[in-house]
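Data first, discussion second: the structure below is written as structure tokens.
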Amino acid sequence: MKLGLFGGTFDPPHNGHIAAAEDAAAQFGLNRVFLIPVARPPLKEAGPSAGAEDRLGMLRAAAGHDPRFEVSDFEVRRGGVSYSIETVRHFREHYPDAELFLIVGADQWGQIGQWKDVRELVRLVTFVVVDRPGEANAAEPAGIPGVRWHRCEGRHLHIGSTDLRARLREGSPVDSLVPPAVAAYISERKLYANP
Ligand code: ATP
Ligand code: MG
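Residue numbers are given in this note's numbering: position 11 of the sequence shown equals residue 6, and the series is strictly consecutive.
Okay, here's the thing in structure tokens:
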């Protein structure tokens, strides 16, 4: 069993996230991919704009089409700052025989040296680093011996949640950038309309 773990703020989830999860699953034959929204991200200044329940709701709407995808509320339930190592330990315990793949975008890969307990983390997972427009392609990280990682070329979708939040604030359309069910969720709940 090959399990993908894909964490993020998902504020909101968008087509770039879904493509990354699909492309990683296809390239590495992942049986299941857990999409795991953070409670609070460690390396971002500001906390999420939308609440945890809405980010879970949007992600469920975004992931509903693919039976391999499952939304996990593990980090949200845990609360506080979410560290990948703690999430990975949890999945390692629950799926002791699974091979774990941690999916990250190329922008996150550049920061991996700053992640909590990175030396333990690299023993527990294989990283799948998905290309992201505007980011250098993944390279061997310095000073982290034994890290197992693969590049996933992916679809190079130039979409990001920060840009989406700005578009939603100013009332610009986002329909080509997020799954239809996410666009419907956002408009129904009137998310991101006010700063
Ligand atoms: P923000 O602008 O708020 O940081 P984001 O679009 O970067 O939002 P995150 O929730 O921070 O989204 O990202 C979650 C994960 O998805 C990260 O590993 C990130 O690198 C990856 N990711 C986000 N967008 C893309 C994309 N367009 N292509 C590939 N990977 C992506
Ligand atoms: Mg980001």
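Built from N, CA and C at the ideal position, the CB exists for glycine as well. Computed from a predicted model, the values in this text were never measured in an experiment.
(request) Grab the span of the alpha helix (DSSP H) containing E70 for me, first residue to last. (result) F69 to R73
(message) Need the endpoints of the beta strand (DSSP E) that H145 sits in, please.
(response) W144 to C147
(message) Taking the beta carbon of S171 as the centre, do at least 16 other beta carbons fall within 10 Å, making it buried, or is it exposed?
(response) exposed
(request) Could you give the DSSP three-state label for T121: helix, strand or coil? (result) strand
(request) Assign S182 to one of two classes, buried (16 or more other C-beta atoms within 10 Å of its C-beta) or exposed (fewer than that). (result) exposed
(message) Quick check on F64: does DSSP put it in helix, strand or coil?
(response) strand
(request) Kindly indicate which residue of D158, D126 and E17 has the alpha-carbon position closest to the one of R63. (result) E17
(request) Look at the alpha carbon of K111 and the alpha carbon of A14, and state the distance between them as a whole number of angstroms. (result) 27 Å
(message) So, with DSSP's three-state summary, where would you put E94?
(response) DSSP, reduced to helix, strand and coil, places E94 within a strand of the structure shown.
(message) Quick check: the Cα distance between H153 and G42, rounded to an integer number of angstroms?
(response) 23 Å
(request) To the nearest angstrom, report how far apart L116 and Y90 are at their CA atoms. (result) 16 Å
(message) For a test of your reading of the model: does the CB of D126 fall under 7 Å from any non-hydrogen atom of the ligand MG? Yes or no.
(response) no
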